[in-house]
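J.: Residue numbers (the numbering used here): 1 to 102. Mind looking over this structure? Questions follow.
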Amino acid sequence: MQEAAQLEALRQHLLMQKAQLEELQRMKDQFAEHERAQLKAMLGGMLAQQRQDHAVGVERMFRLPAGVILKGRVRVRLAARLALRTERAPVLVPRAALSRNV
1 MQEAAQLEAL RQHLLMQKAQ LEELQRMKDQ FAEHERAQLK AMLGGMLAQQ RQDHAVGVER
61 MFRLPAGVIL KGRVRVRLAA RLALRTERAP VLVPRAALSR NV
């Protein structure tokens, strides 16, 4: 009988420890998710700022209205036309940089 009582007490103790461990794991996961969300928001803000800075640079370089996106041959023709108008060598922005929607 005494051995059965000890085993039951040990079982209860292990169940309590298991519950505490599960709670700690849940808290750890919750904290990690919170950290991921904060990092994602921070990186998203940095990316948005980079895109805005790039868009402003392209607008200034080509004297374009805000929000205009150039692609392919249009970009090359516009750069050549600007070069003739301003008497300077054409300045081309890499296609990958201009093809993104900013």
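Heads up, the beta-carbon is just placed ideally off N, CA and C, and yes, glycines get one too. Small disclaimer: the values here were computed from a predicted structure and weren't measured.
Using the Cα positions of LEU47 and ALA32, report the straight-line distance between them to the nearest angstrom.
T.: For the purposes of this step, residue 47 is identified with residue 47 of the sequence shown, where counting begins at 1. For the purposes of this step, residue 32 is identified with residue 32 of the sequence shown, where counting begins at 1. LEU47 and ALA32: Cα-Cα distance of roughly 22 Å.
J.: Does DSSP put MET1 in a helix, in a strand, or in coil?
T.: Your numbering for residue 1 matches position 1 in the sequence shown. Three-state DSSP puts MET1 in coil, outside helix and strand.
J.: Might you give, ordered along the chain, the residues of its own chain that have their beta carbon closer than 8 Å to the beta carbon of ALA41, omitting 5 neighbours on each side?
T.: For the purposes of this step, residue 41 is taken as residue 41 along the sequence shown, with counting starting at 1. Excluding residues within five positions, none has a Cβ falling inside 8 Å.
J.: Whole angstroms is fine: what's the gap from HIS54's alpha carbon to GLN17's?
T.: Here the question's residue 54 lines up with position 54 in the sequence shown. Here the question's residue 17 lines up with position 17 in the sequence shown. Going from the Cα of HIS54 to the Cα of GLN17 covers about 55 Å.
J.: Cα separation between MET1 and GLU23?
T.: Within the sequence shown, the letter at position 1 stands for residue 1. Within the sequence shown, the letter at position 23 stands for residue 23. Those two C-alpha atoms are separated by around 33 Å.
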